[in-house]
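Single-structure report; data block below.
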Amino acid sequence: MAEGEAANILLISPTSVGIGGVAQHVSKLREKLENRGYNVKVVSSSNTIILKKKGLMNPSFTVSASFKTLLRKYDIIHAHNLPSSIPMRLSIGRKILTLHGFYSEQIKIIHGSTVGKIASWFEKRALRWPDVVTTVSKRDAEKYRQYGLEVVHIPNAVDLSDMPQSEKRLSNNPQVIYVGRLSREKGLEYLIKAIRILYEKRIYVDLVIVGDGPERDRIKYLADGLDNVHLLGALNHDETLKYIRGAEMLVIPSIVEGISTSILEAMALRTPVIATNVGGTTEIIQHMKNGILIQPRKPEQIADAITTILTDEQTRRHIIEEAYKTILHEYNWDTVINSYLRIYNL
Numbered sequence: 001m002a003e004g005e006a007a008n009i010l011l012i013s014p015t016s017v018g019i020g021g022v023a024q025h026v027s028k029l030r031e032k033l034e035n036r037g038y039n040v041k042v043v044s045s046s047n048t049i050i051l052k053k054k055g056l057m058n059p060s061f062t063v064s065a066s067f068k069t070l071l072r073k074y075d076i077i078h079a080h081n082l083p084s085s086i087p088m089r090l091s092i093g094r095k096i097l098t099l100h101g102f103y104s105e106q107i108k109i110i111h112g113s114t115v116g117k118i119a120s121w122f123e124k125r126a127l128r129w130p131d132v133v134t135t136v137s138k139r140d141a142e143k144y145r146q147y148g149l150e151v152v153h154i155p156n157a158v159d160l161s162d163m164p165q166s167e168k169r170l171s172n173n174p175q176v177i178y179v180g181r182l183s184r185e186k187g188l189e190y191l192i193k194a195i196r197i198l199y200e201k202r203i204y205v206d207l208v209i210v211g212d213g214p215e216r217d218r219i220k221y222l223a224d225g226l227d228n229v230h231l232l233g234a235l236n237h238d239e240t241l242k243y244i245r246g247a248e249m250l251v252i253p254s255i256v257e258g259i260s261t262s263i264l265e266a267m268a269l270r271t272p273v274i275a276t277n278v279g280g281t282t283e284i285i286q287h288m289k290n291g292i293l294i295q296p297r298k299p300e301q302i303a304d305a306i307t308t309i310l311t312d313e314q315t316r317r318h319i320i321e322e323a324y325k326t327i328l329h330e331y332n333w334d335t336v337i338n339s340y341l342r343i344y345n346l
């Protein structure tokens, strides 16, 4: 990069731009960097050579000559999550890897212990490739430091200017919304069980599920007989935010989690959050202050928390106001961009 020229930055996302929390983070990062005058390109598994094998990113693929040429054009290559680190490795520029969760832990839950061991082997080697490793969760930063790494914690963020003023609803019933990937580590089966518990108690709520993934058919099977469960599939970001705004609460029942963008967005939209006390979620939510924390795999606790939000107006209002304050003070994009620019050496 010549003196006075704007840096060229390549962002590598594991999923298509606009699909999923990581892709949303990458899209917003691009926007904010371009607003600062940098030249930014985003590539993802939808338009590069990253491959999938049985749902697991395949680390053995070969990188095309054209993509190798592309890598050489950039001063900074910023990969998001472990599979994206493979093409990043070939760069001659400054290499940054951001982890949006604890990779081997997630793979073990999804694919079992044998595949989890392979993922752990790959993880330990891939973490040697970047110049800087960052995590969105303080907890994950501490765990990766046990590998002897220097890790920088930079959280996710929310842009309040993106928040819609209108809302979307499916009915006049209270609406519980889940937003995220439909995969085993997200714990959706326990949310379905909680909705069934409420249904049997004649507490009628609509469960709106936004997202897609390998567990979709299983979720449909588990919800059989519940006409108040609605799978909307993957929606664009603006539509998703409108559904979050229109819901009485967001429930994130994950077994493992980094820092959920959906949680931050719900807090910004003044929609109460119920979430499991795992991963980075406990860094965002203080129980009964700015949200409700529950244990993973506990549908009865989910049902009780939903009932609390529906029936205790004072608690609901307190959670909404404290959650909004949390977003204002701790999860803003100006702070996040400045942190990334420091590790880019810009």
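Just so we're aligned: 118 in the UniProt record's numbering is position 118 of the sequence shown, and the numbers increase by one with no gaps anywhere. Quick reminder that beta carbons are idealized off the backbone N, C-alpha and C, glycines included.
For this session: For the alpha helix (DSSP H) holding H329, just list the boundary residues, first then last.
Result: 313-330
Exercise. What are the partner residues of D206, as DSSP defines its beta bridges?
Worked result: Q175
Exercise. How about V158 and I244: are their beta carbons less than 8 Å apart?
Worked result: no
For this session: Would you be able to state if there are at least three C-beta pairs under 8 Å between the stretch 180-195 and the stretch 153-169?
Result: no
Exercise. According to DSSP, is L191 helix, strand or coil?
Worked result: helix
Exercise. Can you tell me the Cα-Cα spacing of P272 and T135, whole angstroms?
Worked result: 25 Å
For this session: Return helix, strand or coil for R94, following the three-state DSSP convention.
Result: strand
Exercise. When DSSP builds the beta bridges, which residues end up paired with K41?
Worked result: L10
Problem set entry | Residues of its chain near K32, where Cβ-Cβ distance is below 7 Å and the 5 sequence neighbours each way are ignored | W333, I337
For this session: Rounded to whole angstroms, what's the CA-CA distance from Q286 to E5? Just pull it up for me.
Result: 45 Å
Exercise. In its own chain, which residues sit with a C-beta less than 7 Å from the C-beta of K54, not counting the 5 before and 5 after it?
Worked result: Any reading at K54 is ruled out, since the residue's pLDDT is 39, under 50, leaving its predicted position unreliable.
For this session: Leaving out five residues on either side along the sequence, give the residues of the same chain with a beta carbon under 8 Å from the beta carbon of T315.
Result: M288, T308, I309
Exercise. Does the separation of the CB atoms of I154 and I76 fall below 8 Å?
Worked result: no
Problem set entry | Same chain, Cβ closer than 7 Å to K73, five either side skipped, listed in chain order | N8
Exercise. Which one or two residues does DSSP pair with G291 in a beta bridge?
Worked result: H287
Problem set entry | S113 burial status per 10 Å Cβ neighbour count (16 or more: buried) | exposed
Exercise. Does the beta-carbon of N290 have 16 or more other beta-carbons within 10 angstroms, so that it is buried, or is it exposed?
Worked result: buried
Exercise. So L170 packs on H237, CB below 8 Å; how close in whole Å?
Worked result: With a Cβ gap of about 19 Å, L170 and H237 do not count as contacting.
Problem set entry | Unbroken stretches of the beta strand (DSSP E), 3 residues or longer, contained in the stretch 120-154 | 132-135, 151-153
Exercise. Roughly how many angstroms separate the alpha carbons of Q165 and I320, rounded to a whole number?
Worked result: 16 Å
For this session: Taking 8 Å as the threshold, find out whether the stretch 216-232 comes into contact with the stretch 245-264 through three or more Cβ pairs.
Result: no
Problem set entry | With 16 other Cβ atoms within 10 Å as the buried cut-off, status of S46 | Per-residue confidence for S46 stands at a pLDDT of 49, beneath the threshold of 50, marking its modelled position as unreliable; no derived number is given.
Exercise. Around the C-beta of K41, are 16 or more other C-beta atoms found within 10 angstroms, so that it is buried, or is it exposed?
Worked result: exposed
Exercise. How should T98 be labelled, buried or exposed, when 16 other C-beta atoms within 10 angstroms of its C-beta is the threshold for buried?
Worked result: buried
For this session: Can you say whether I335 is buried or exposed, counting buried as having 16 or more other CB atoms within 10 angstroms of its CB?
Result: Ile is not the amino acid found at residue 335; the sequence shown has Thr there. Exposed, because fewer than 16 other Cβ atoms sit within 10 Å of the Cβ of T335.
Exercise. What residues in its chain sit with their C-beta under 7 Å from that of G20, if we drop five residues either side in the sequence?
Worked result: R181
Exercise. Is H100 buried or exposed, if buried means 16 or more other CB atoms sit within 10 Å of its CB?
Worked result: buried
For this session: Return yes when the Cβ of V152 is within less than 8 Å of the Cβ of V176, no when it is not.
Result: no
Problem set entry | Proximity winner among W129, E283, D224, relative to I96 (alpha-carbon distances) | W129
Problem set entry | Terminal residues of the alpha helix (DSSP H) in which A266 lies | 261-268
Exercise. When the Cα atoms are used, what is the spatial distance from G116 to Y103?
Worked result: 9 Å
For this session: Starting from the Cα of E300, find the closest Cα among H329, K201, S339 and give me that residue.
Result: K201
Exercise. Alpha carbon to alpha carbon, how far is D206 from R196?
Worked result: 11 Å
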